[in-house]
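Note sheet for the following structure.
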Amino acid sequence: MSPLLAFHRGSGSDHRGRRLDEILARDDDWLEHTHDYIQWVFPLHEASGVNPFAPVIDDALVAAFESDETLRARLRASLDRMLSFYGLERRDGRIGKGPNWLRRKGNWFTQSTHNDLRITRILKCLCALGLRDEAGQLLACLLVLRASEPDCGLADTAFRYWQDAVSGGGE
974 MSPLLAFHRG
984 SGSDHRGRRL
994 DEILARDDDW
1004 LEHTHDYIQW
1014 VFPLHEASGV
1024 NPFAPVIDDA
1034 LVAAFESDET
1044 LRARLRASLD
1054 RMLSFYGLER
1064 RDGRIGKGPN
1074 WLRRKGNWFT
1084 QSTHNDLRIT
1094 RILKCLCALG
1104 LRDEAGQLLA
1114 CLLVLRASEP
1124 DCGLADTAFR
1134 YWQDAVSGGG
1144 E
């Protein structure tokens, strides 16, 4: 079993010895200021330019996620944690503002930050590993927020990347 698959199954750890459940249990401040976990939690087909220890998705990992609902459920749990980090939540098949929206939005929504890249990564990973519906829900939420929230400071380029991430299928 690959280290990345073991990590997502909960039996392995990342390059620093952290397990997925340990990362998801960290507080928002840790998630904001630590930059080498996101590539393990939401891997991509391409290598990371900032984390040389980040694994990449291969055909075996894609097949494992396609055939194993438990893996997809664990990826949804990772999504839910990051949604909370952004002040969002998944409810009744939709993604929208969570109870902590006002407290969290200033960390990413009112200006472009490194979180724009994290969201791109999340969207691409969800598409690549079989959670295309959830990626579409997140994109729809982001577009609604952009149109309805007057203090949106995100760059147009971020939205183009996000739309491309979902329409490109995670490649």
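Everything in the sequence shown is counted per this note's numbering, starting at 974 for the first residue and increasing by one.
All C-beta atoms, glycine included, are put in the ideal place defined by N, C-alpha and C.
Which class does residue i belong to by DSSP, given the choice of helix, strand or coil?
i	result
Gly1071	coil
Leu1102	coil
Glu1107	helix
Pro976	helix
Ile1030	coil
Glu1039	helix
Leu1127	coil
Thr1086	coil
Asn1024	coil
Trp1081	coil
Ser1140	helix
His981	helix
Arg1076	helix
Since residue i is in the beta strand (DSSP E), which residue starts that stretch and which ends it?
i	result
Leu1017	Where Leu1017 is concerned, there is no enclosing beta strand (DSSP E), given that its DSSP letter is neither H nor E.
Glu1062	1061-1064
Buried or exposed: where does residue i fall if 16 or more other Cβ atoms within 10 Å of its Cβ makes it buried?
i	result
Phe1026	exposed
Trp1003	exposed
Gly1066	exposed
Met974	exposed
Asp1032	exposed
Arg1076	exposed
Asp1137	exposed
Tell me where the alpha helix (DSSP H) around residue i begins and ends.
i	result
Thr1043	1042-1058
Asp1009	Neither: Asp1009 is in no alpha helix (DSSP H) and is coded neither H nor E.
Glu995	993-997
- Determine, using beta-carbon pairs with one atom in the region 1074-1092 and one in the region 1043-1054, whether at least three such pairs fall under 8 Å. With a cut-off of 8 Å, the region 1043-1054 and the region 1074-1092 do not count as touching, because too few Cβ pairs lie within range.
- Message: Quick check: the region 1071-1086 against the region 1112-1128, are at least 3 beta-carbon pairs closer than 8 Å?
- Response: Between the region 1112-1128 and the region 1071-1086 there are three or more inter-stretch CB-CB distances shorter than 8 Å, so the stretches are counted as touching.
- Message: For the region 1034-1047 against the region 979-986, do three or more pairs of beta-carbon atoms, one drawn from each stretch, fall closer than 8 Å, so that the two count as touching?
- Response: Contact between the region 1034-1047 and the region 979-986 is present, because at least three Cβ pairs lie under 8 Å.
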